[in-house]
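Quick notes on the structure that follows.
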Amino acid sequence: MSTETKNDAGVFGLADSTLVKFQGVIGGRWRDAADGAVIEVHNPATREFLGTVPEMGLDETKEAIAAAREAFKTWSKRTAYQRAAAVRRMYELMREHKEDLARLITLENGKTIAEASGEIAYSASFMEWYAAEAVRTYGIHIPAAAPTSRNVVIKQPVGVVSIFTPWNFPSAMLTRKLGAALAAGCTTIIKPPPETPFSALALAEIAERAGIPPGVVNMVTTQKNVLPVGREMCESPVVKKVTFTGSTPVAKLLANMAASTLKKISLEAGGNAPFIVFDDANMDEAVDAAIACKFRSSGQTCVCANRIYVHSSVYAEFAARLSQRVAAFKVGNGLDPETTHGPLIHERAIQKVRAHVEDAIARGGQLLVGGEIEEGTNFFPPTVIADVPADALMHREETFGPLAALMKFETEDEVVGLANDSATGLAGYIFSRDVGRVWRVAERLEVGMVGTNTGLISQPCIPFGGVKESGFGREGGPHGIDEYMNEKVIVFGGLGTA
Ligand code: SIN
């Protein structure tokens, strides 16, 4: 069947249906794949067909890279004020269309409309942040060793950037990279995820409406051809930077490919966040935070609590209160305002959470809530399991789903040891009223980000990123834009002496 007969923007129910794009964009032209191949996108809540996007390949990727190279010649020469204005305009347009953009996220990702609206606010805030950062890419003057010399350091955009984004935050994980790249003066080739391409394509449309010139934002949609496309995006000598958010195995693959030309890279890979509740924690705050942190987007975030350690003296109370709250969740279609938690993205995600639940129970974990899955759907019941032993699968792997696994601990040293016993280190959380302990444990945790007495840390103004196998590079914060710039030193000699 041709895409003309299958695709219907009306299915999305947006106020502005022209935000729904069924094509990729290369050099300012909305395009199908050269061979007409398509990827089908489905609503995870209903498994219904939403529409198709092109299954692009190596040729389109090469064209996109060439378009980005051409556009870099002029985009990089715009003043920082001009780039700031364009990025700011994207922010304004995102705010203007926030209901439509949120609806797109719910339809293709499944998260509730409240969560999707929160994501659009978060996503737009990256454009706002980077619009302001564009004009603050200061250089420095460094006193020279020789009296007849002067040294200055300037910052310049790295060039063409390859951007790989995940499905769990279809909008925010893109603006976090794109905002920085555009503000710095870079041009881009974006590979959005095949599960949620429509949110990304809507942002490409918004970039166009904001007056960002053709070729600055190129989008290549692909699924089956991901290997040749990804390889070209990493290995092409024209590309000067690769940025990725997703799983640790894929991060390693891309890092290897990008190594062939020694590109600058930033990788935000998987997490396995410890969430530690000490005996003096405020129990209301700790339970609220565990709900927010663990079950945000139905547990499909890299920073969500994966291992919940609770001091033995408050363990029973915490487990009971958490279970009572989780049992009251309403799982369903994210468009229904009654729904508190949406589906998982696909069958593979369901199977992974199921494997972690079954493994934890087989090793002696006590099922307190949930566990039973509704076959033939993407809904996984929010689940709480107590006494999950340290050798359980979910201690070593990120669950990426609505499973809260509880473990008891006795001492600070013991829990820090357990928390750090992980190959990855993205986020960690501490609940205690003892400022000395909070400070000590925050310093000892092997992670890139610590939330103390809060389960929600994400903001554009902080350096987001991890250590160990969670990757490297930071997004947002005072230095986030530097990931897209090179420092150049200029030494002025032969000044003579006065
Ligand atoms: C992620 O899951 O990768 C990002 C979550 C966030 O920015 O809060």
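Here the sequence shown is numbered in full-length UniProt numbering, starting from 1 and rising by one per residue. Every residue gets a Cβ at the ideal spot worked out from N, C-alpha and C, and that includes glycine.
Give the straight-line distance between the Cα atoms of Ala316 and Gly334, rounded to the nearest whole angstrom. Between the alpha carbons of Ala316 and Gly334 lies a distance of about 32 angstroms.
Roughly how many whole angstroms lie between the Cα atoms of Ala172 and Thr222? Just so you know, the alpha carbons of Ala172 and Thr222 end up roughly 20 angstroms apart.
Under 7 angstroms Cβ to Cβ from Leu322, same chain only, skipping five residues before and after it: list those, please. Around Leu322, the same chain offers Val287, Ala290, Val384 and Ala404 as residues with beta carbons nearer than 7 angstroms, after the five sequence neighbours per side are excluded.
Would you say the beta carbon of Cys461 is closer than 7 angstroms to some non-hydrogen atom of the ligand SIN? Result no, Cβ not under 7 angstroms from the ligand SIN.
With three or more beta-carbon pairs closer than 8 angstroms as the criterion, would you say the region 39 to 56 touches the region 221 to 241? When C-beta atoms of the region 39 to 56 are compared with those of the region 221 to 241, three or more pairs fall below 8 angstroms, so the two segments count as touching.
For Arg433, count neighbouring C-beta atoms within 10 Å of its own C-beta (all shown protein chains included) and say buried if the count is 16 or more, exposed if not. Exposed, since its Cβ has fewer than 16 Cβ neighbours within 10 Å.
Decide if Glu414 is buried, meaning its Cβ has at least 16 other Cβ atoms within 10 Å, or exposed. So Glu414 ends up on the exposed side.
Beta-ladder partner(s) of Arg78, from DSSP: Per DSSP, none; premise fails for Arg78.
Just mark Ala210 as buried or exposed, buried being the case when its beta carbon has 16 or more other beta carbons within 10 Å. The residue is buried, with at least 16 neighbouring Cβ atoms inside 10 Å.
Am I right that Lys468 and Thr424 are in contact with their C-beta atoms under 8 angstroms? What's the rounded C-beta distance? Going by Cβ atoms, the distance from Lys468 to Thr424 rounds to 6 angstroms, so yes, they are a contact pair.
Out of Ala184, Gly179 and Val369, which has the shortest C-alpha to C-alpha gap to Ala204? Checking every option, the nearest Cα to that of Ala204 belongs to Gly179.
DSSP state of Ala319, grouped into three classes? The answer is helix: DSSP assigns Ala319 an H, G or I state.
Could you check the C-alpha separation between Arg176 and Gly494 for me, to the nearest Å? Arg176 and Gly494 have their alpha carbons spaced roughly 44 angstroms apart.
Taking the straight line between their C-alpha atoms, what separation do you get for Val81 and Gly451? Looking at the sequence shown, residue 81 is not Val but Tyr. Each residue's alpha carbon lies about 35 angstroms from the other.
Where in the region 1 to 32 do unbroken runs of the alpha helix (DSSP H), each at least 4 residues long, occur, reported from the N-terminal end onward? Those alpha helix (DSSP H) runs which fall completely within the region 1 to 32 and span 4+ residues are 3 to 6.
Is the separation between the beta-carbon of Ala131 and that of Ala84 shorter than 8 angstroms? Contact flag set, yes.
Spatial neighbours of Leu456 within its chain, please: C-beta separation below 6 angstroms, excluding the five flanking residues on both sides. For Leu456, where only same-chain residues beyond five positions count, the Cβ hits under 6 angstroms are Ala292.
Hey, would you say the C-beta of Ala172 is under 7 angstroms away from at least one heavy atom of the ligand SIN? With a threshold of 7 angstroms, the Cβ atom of Ala172 counts as near the ligand SIN, since some heavy atom of the ligand is closer than that.
Taking Cβ to Cβ, would you say Gln366 is nearer than 8 angstroms to Asp336? Contact flag unset, no.
For the ligand ZN, is there a heavy atom less than 7 angstroms away from the beta-carbon of Cys302? The ligand ZN is not part of the structure shown, which contains the ligand SIN as its ligands.
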